[in-house]
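Here the structure is laid out as structure tokens; the discussion comes afterwards.
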Amino acid sequence: MHENAAVVLLGTLDTKGAETRYVCDSITRLGLPTLVIDTGVLGEPSVAADITGEAVAEAAGTTLARLRAANDRGSAVTAMGHGAAAVVADLHRQNRIAGIIGLGGSAGTSIAATAMRALPVGLPKLIVSTMASGDTRAYVGERDITLMYSVVDVAGLNRISREVLGNAAAAIAGMGRRYIAEGGGSTTGHEDRPLIAATMFGVTTPCVTQAREYLESQGYEVLVFHATGSGGRAMEALVEDGYIDGVLDVTTTEWADELVGGVLSAGPHRLEAMGRKGIPHVVAPGALDMVNFGAPETIPHKFTGRRLYPHNPQVTLMRTTAEENRELGRIIAGKLNQSQGPVEIFLPEQGVSAIDKEGQPFYDPDADAAFRDSLRETLHPDVPVHQLKAHINDEIFALAMAHRLEELVRHHKRAAAA
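Using the numbering used here, read the sequence shown as starting at 2 and increasing by one per residue.
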């Protein structure tokens, strides 16, 4: 870490100057230096900043004068978010950030969140926000951003806001102190272990567990991501950031939700990051037999008559059809065909989830075969296909995927070092 590494404060100092100064002083009293960035636009700052709003606007390719003249609050917030992201990314490259904190309402939260998403996982991030009690996906994205509900609006100092902001200052100071002590977020003793990402659902847990245990016995560190939409996006964000050496993509179920309209989609770009980065990637159609919805009454009327399974009172699963599986085969093959690195697919003939096997409610060999046939028809001949007479959760299938991924990662590392 840089000797002047500090806790960065993002504040719209034209409206939240006193509150930002209170947090700044609280952090200073706890023994850490601070660096204040002004992200305000429309008015003059009420307290001094280390990095001015003008500098933030310039980092976004504009000026405060232009933003004020346009008189468009939404565009101004967007610009200052992008500018703040560029500024903090540059500070991070200089090892000058020990942690980052922002505070505000919807605009201040949007600016702070945009900036924080430009920073890597592990660097402490905290936002005190009026928006923290509700759906926070738009702010957090795939980053480890901590949100603290402000209880009252961030509009002046009072007996409630002082308590909340004081706790926030203590939280970011504590995280920052640990970050500095660890040398900038590194985990001593584990840096040389290749890092594998794996995707899992409850219905593919035995497969992933067996593969993970084998890979860990061979000296790999395995990160398991719950394939709930945000899990797939988080995994691919880490791939994009260069953390991951190989991917055990057992559970590609998020594509079923994206295609059919379930609630756990990872979006249309799932399965792209690995190919773009060219890292070893082994894939299976884990849990493509199901689309996820909430409680039964939340299922769209157009699905009346479909095969349903109540996973729990809050989650209802719907079996994918042969037609849907044929389209999933085309989609996934198309994604894998774009890969710039080693990718292989493993196909279990006896079911793709714990409830897709003989005697279980989603057992449908014809639907599974439709996926396999469509995938083979679309897949580039250079992409190896391993079809096993096994269920996805059988040990033979799990270890086949793990062994092959290990071989691909080892060969990839040797080639990179040559």
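Positions of the beta carbon are idealized from the N, C-alpha and C atoms, including for glycine.
The straight-line gap separating the alpha-carbon atoms of VAL57 and ASN96 is approximately 19 Å. SER218 sits in a helix when the DSSP states are folded into three classes. Excluding sequence positions up to five before and after LEU265, its CB lies within less than 8 Å of the CB of ALA228, THR229, GLY230, THR254, GLU255, ASP258 and ASN293, all in the same chain and listed in chain order. 7 Å or more divides the Cβ of GLY32 from the Cβ of ALA99. The beta carbons of VAL42 and LEU68 sit closer together than 7 Å.
Excluding five sequence positions before and after GLU241, the CB atoms of its chain that fall closer than 8 Å to its own CB belong to ALA274, ARG277 and LYS278, given in chain order.
Residue pairing of HIS282 in beta bridges, as defined by DSSP: VAL248 and VAL344. In the structure shown, the three-state DSSP call for GLY243 is coil. Residue environment analysis places THR305 among the exposed positions, since fewer than 16 neighbouring C-beta atoms fall within 10 angstroms of its C-beta. Here DSSP, grouped into helix, strand and coil, assigns VAL223 to strand. Here the region 282–298 makes contact with the region 393–411; the two share three or more CB pairs at distances below 8 Å. Around the CB of PRO382, fewer than 16 other CB atoms lie within 10 Å, so the residue is classed as exposed. Taken in chain order, the unbroken stretches of beta strand (DSSP E) that lie wholly in the region 59–117 and span 3 residues or more are 98–105.
Going by beta carbons, THR21 and LEU10 fall inside the 7 Å limit. In the structure shown, ALA416 falls within a helical segment according to DSSP collapsed to helix, strand and coil.
Its Cα nearest to that of VAL153, the residue MET132 stands out among MET132, TYR140, PRO46 and ALA139. Closest option to PRO269, judged by alpha-carbon separation, among ILE332, PHE226 and PRO286: ILE332. Judged by DSSP secondary structure, SER151 falls outside any alpha helix (DSSP H); it is assigned neither H nor E. Ranked by Cα distance from GLN211, the options ASN5, ASP395 and GLY243 are led by ASP395. In the structure shown, TYR23 adopts helical secondary structure according to DSSP, grouped into three states. Collapsing the DSSP output to three states places HIS302 in a helix.
In terms of CA proximity to GLY82, TYR140 leads the group PRO121, GLU45, ALA323 and TYR140. Each residue's CA atom was taken as its position, placing VAL316 and ARG160 some 41 Å apart. Within the same chain, and ignoring the five residues on either side of SER134 in sequence, the residues whose Cβ sits closer than 8 Å to its Cβ are TYR150. For LEU65 against GLY54, the beta-carbon gap comes to about 6 Å, under 8 Å, which counts as contact. Look at HIS404 here: in three-state DSSP terms it is helix.
About 4 Å separates the CB atoms of VAL204 and SER354; that is less than 8 Å, so the two are in contact. Take LEU158, set aside five residues on each side of it, and the residues of its chain with a beta-carbon closer than 7 Å to its own are ALA19, GLU20 and TYR23, in chain order. Residue pairing by DSSP places LYS126 opposite ILE101 in a beta bridge. ALA86 and PRO311 have their C-alpha atoms roughly 43 Å apart. Counting the other Cβ atoms within 10 Å of the Cβ of HIS412 gives fewer than 16, which makes it exposed.
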